[in-house]
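The listed protein sequences derive, respectively, from chains A and B.
Taking UniProt numbering, I'd label the letters of the first sequence as residues 1 to 215.
Taking UniProt numbering, I'd label the letters of the second sequence as residues 1 to 147.
Every residue gets a Cβ at the ideal spot worked out from N, C-alpha and C, and that includes glycine.
All values reported here derive from a predicted model rather than from experimental measurement.
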Amino acid sequence: MTATLSIPMNPSYGRTQDIPFVVTELDREERDLILRCQRGEKAAFEPIVTRYMRRAAAFALGWVGNRDDALDLSQEAFARAYRAIHRFDADRPFYPWFHRILRNLCINHIGRSRYKREIPLEDAIPVRSGTSSPQEDAERSELRKLVWEGIARVSEQDREILILREFQDLSYTEIADVLDIPKGTVMSRLHNARRRLRDRINEISRVPLAGSEEE
Amino acid sequence: MSRDWNELISAYLDGELDPAEREEFEQRLESGDVSRTEFEEMKAMRGLTGSVQLRAFPDHEWDRYWAKTYNRMERNLGWIFLSLGAIVLVSAGLYELLRELVLDGASPWWLRAATGSAALGMGVLFVSVLRERLFVRKTDPYRGIER
Numbered sequence: 001m002t003a004t005l006s007i008p009m010n011p012s013y014g015r016t017q018d019i020p021f022v023v024t025e026l027d028r029e030e031r032d033l034i035l036r037c038q039r040g041e042k043a044a045f046e047p048i049v050t051r052y053m054r055r056a057a058a059f060a061l062g063w064v065g066n067r068d069d070a071l072d073l074s075q076e077a078f079a080r081a082y083r084a085i086h087r088f089d090a091d092r093p094f095y096p097w098f099h100r101i102l103r104n105l106c107i108n109h110i111g112r113s114r115y116k117r118e119i120p121l122e123d124a125i126p127v128r129s130g131t132s133s134p135q136e137d138a139e140r141s142e143l144r145k146l147v148w149e150g151i152a153r154v155s156e157q158d159r160e161i162l163i164l165r166e167f168q169d170l171s172y173t174e175i176a177d178v179l180d181i182p183k184g185t186v187m188s189r190l191h192n193a194r195r196r197l198r199d200r201i202n203e204i205s206r207v208p209l210a211g212s213e214e215e
Numbered sequence: 001m002s003r004d005w006n007e008l009i010s011a012y013l014d015g016e017l018d019p020a021e022r023e024e025f026e027q028r029l030e031s032g033d034v035s036r037t038e039f040e041e042m043k044a045m046r047g048l049t050g051s052v053q054l055r056a057f058p059d060h061e062w063d064r065y066w067a068k069t070y071n072r073m074e075r076n077l078g079w080i081f082l083s084l085g086a087i088v089l090v091s092a093g094l095y096e097l098l099r100e101l102v103l104d105g106a107s108p109w110w111l112r113a114a115t116g117s118a119a120l121g122m123g124v125l126f127v128s129v130l131r132e133r134l135f136v137r138k139t140d141p142y143r144g145i146e147r
């Protein structure tokens with residue numbers, strides 16, 4: 001069962017349009033939890049953390065490429081969100097607000113010089129060991145490296161939307177909610193991000209993607 | 001203003017167009033309004049990114065996740081109290097030190113001059129940094145974003 005609420009504007013949230021959205025029973029529960037957190041009940045934050053921890057850690061992993069750092073960053077983002085929870089408007093969805101804190105932590109993290117980066121990707125369809133030749137293994141490893149290097153070379157804005165779509169498999173509506181932008185903007189921003197990713201990958205591999213011709 | 005149908009290539013490939021838009025897109029792809037080259041490249045790109053996924057985290061990480069986050073929340077609170085206390089203590093200590101050294105006529109003149117110079121230097125640096133921060137705050141396009 002759902003109900004439509006008129007959401008009051010909160011200038012600190014950074015939203016420029018008054019976009020009504022559908023509040024589900026689950027979101028009402030979240031609102032109650034946030035209000036309890038704002039009254040100082042730390043325990044009320046646990047269900048919120050539990051609900052979003054996988055999504056948050058996966059996003060951080062897509063950004064920084066290291067599982068330990070991704071867990072640290074996502075936990076730090078939750079801790080900072082709790083510290084600032086009194087400034088949060090409980091009538092808004094929590095995750096988009098939290099996502100900004102997390103993204104900024106990730107940006108600051110990769111700006112540091114002592115930062116260990118790995119390739120956090122694996123085959124989407126796992127290959128059973130012993131069923132592929134060393135050459136095939138090497139090719140797949142090269143492919144993973146290519147995608148990861150390409151993602152690392154695009155702008156922060158492009159990387160963000162690519163991680164949400166390509167690695168976290170969010171629908172356009174979900175991406176629009178997380179980034180707090182209209183769905184039409186998601187369409188154009190994602191397509192342009194893919195164009196630039198294609199260019200970066202072509203630069204790295206020096207071989208245009210299959211099916212493409214020089215324009 | 002005419003629509004850039006090339007920008008809908010990704011949405012089409014992702015299955016995010018509604019049936020009417022989808023049908024129109026296919027017609028425009030056939031008629032050449034949509035770049036066939038770009039369409040094929042984007043298809044290849046989706047195939048490439050779709051062939052990989054992020055490595056999963058070990059399950060035990062989720063069992064400890066809340067406890068670790070809770071510890072951080074407490075630690076952050078601890079740091080705030082510690083910082084506040086330290087600022088007050090250091091300020092009081094510096095004040096006492098300056099009072100002793102600068103105002104005490106028994107100290108040698110060079111020691112009083114050096115102390116005064118160091119205090120003045122710290123003051124200038126503090127004001128300079130504060131001014132820079134205030135300027136950046138005014139012009140920072142990301143000031144509304146929580147860090």
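Alpha-carbon spacing of residue i relative to residue j, whole angstroms
{"i": "A/Asp-177", "j": "A/Arg-189", "result": "14 Å"}
{"i": "B/Ser-10", "j": "A/Arg-200", "result": "18 Å"}
{"i": "B/Arg-131", "j": "B/Leu-125", "result": "10 Å"}
{"i": "residue 150 of chain B", "j": "A/Ala-60", "result": "Coverage of chain B is limited to positions 1 through 147, which leaves residue 150 of chain B absent and any answer about it impossible."}
{"i": "B/Gln-53", "j": "A/Glu-166", "result": "8 Å"}
{"i": "A/Val-23", "j": "A/Asn-104", "result": "Unreliable positioning characterises A/Val-23 in this predicted model, as indicated by a pLDDT of 45, which lies under 50. The coordinate reading is nonetheless provided below. Using only the alpha carbons, I get a separation of about 27 Å."}
{"i": "B/Thr-115", "j": "B/Ala-86", "result": "21 Å"}
{"i": "B/Glu-26", "j": "B/Pro-19", "result": "11 Å"}
{"i": "A/Leu-179", "j": "A/Phe-98", "result": "11 Å"}
{"i": "B/Leu-29", "j": "B/Met-42", "result": "14 Å"}
For residue i, three-class secondary structure by DSSP
{"i": "A/Val-154", "result": "coil"}
{"i": "B/Leu-134", "result": "helix"}
{"i": "A/Gln-135", "result": "helix"}
{"i": "B/Leu-48", "result": "helix"}
{"i": "B/Leu-84", "result": "helix"}
{"i": "B/Leu-54", "result": "strand"}
{"i": "A/Leu-170", "result": "coil"}
{"i": "B/Ser-35", "result": "coil"}
{"i": "A/Asp-180", "result": "coil"}
Candidates the options, of which the one nearest residue i by Cα
{"i": "B/Arg-75", "options": "A/Asp-72, A/Gly-62, A/Glu-160 and A/Ala-79", "result": "A/Ala-79"}
{"i": "A/Leu-102", "options": "A/Arg-83, A/His-109, A/His-86 and A/Ser-74", "result": "A/Ser-74"}
{"i": "A/Ile-161", "options": "A/Tyr-95, A/Lys-42 and A/His-191", "result": "A/His-191"}
{"i": "residue 262 of chain A", "options": "A/Glu-122, A/Arg-196 and A/Ser-171", "result": "The question about residue 262 of chain A has no answer, for chain A in this structure spans 1 to 215."}
{"i": "B/Val-34", "options": "B/Pro-58, B/Asn-6, B/Glu-16 and B/Ala-56", "result": "B/Asn-6"}
{"i": "A/Leu-33", "options": "A/Phe-88, A/Glu-136 and A/Arg-54", "result": "A/Phe-88"}
{"i": "A/Ala-90", "options": "A/Phe-45, A/Gly-62 and A/Gly-111", "result": "A/Phe-45"}
{"i": "A/Ala-81", "options": "B/Ala-119, B/Arg-72 and B/Phe-81", "result": "B/Arg-72"}
{"i": "B/Phe-57", "options": "A/Val-154, A/Tyr-52, A/Arg-36 and A/Leu-71", "result": "A/Leu-71"}
{"i": "B/Arg-46", "options": "B/Asp-14, B/His-60 and B/Arg-133", "result": "B/Asp-14"}
is_contact[residue i, chain E] using C-beta, thresh 9 Å
{"i": "A/Tyr-95", "result": "Absent from the structure: chain E. Protein chains present are A and B."}
Along the chain, which unbroken stretches of the alpha helix (DSSP H) at least 4 residues long are found entirely within the UniProt domain "Putative zinc-finger" (3-27) of chain B? With a minimum length of 4 residues, the continuous alpha helix (DSSP H) runs that stay inside the UniProt domain "Putative zinc-finger" (3-27) of chain B are 9-13.
Enumerated in chain order, which unbroken segments of the alpha helix (DSSP H) with a length of 4 residues or greater are wholly contained in the stretch 39-126 of chain A? You should have 45-64, 67-83 and 94-110.
Note down, one range per segment and in chain order, each alpha helix (DSSP H) of at least 4 residues found wholly within the stretch 90-126 of chain B. Taking 4 residues as the shortest admissible run, the stretch 90-126 of chain B contains no complete alpha helix (DSSP H) segment at all.
Report the residue ranges of all alpha helix (DSSP H) runs contained in full by the stretch 182-209 of chain A; include only those spanning at least 4 residues, in chain order. Along the length of the stretch 182-209 of chain A, whole alpha helix (DSSP H) runs at least 4 residues long occupy 183-205, reported in chain order.
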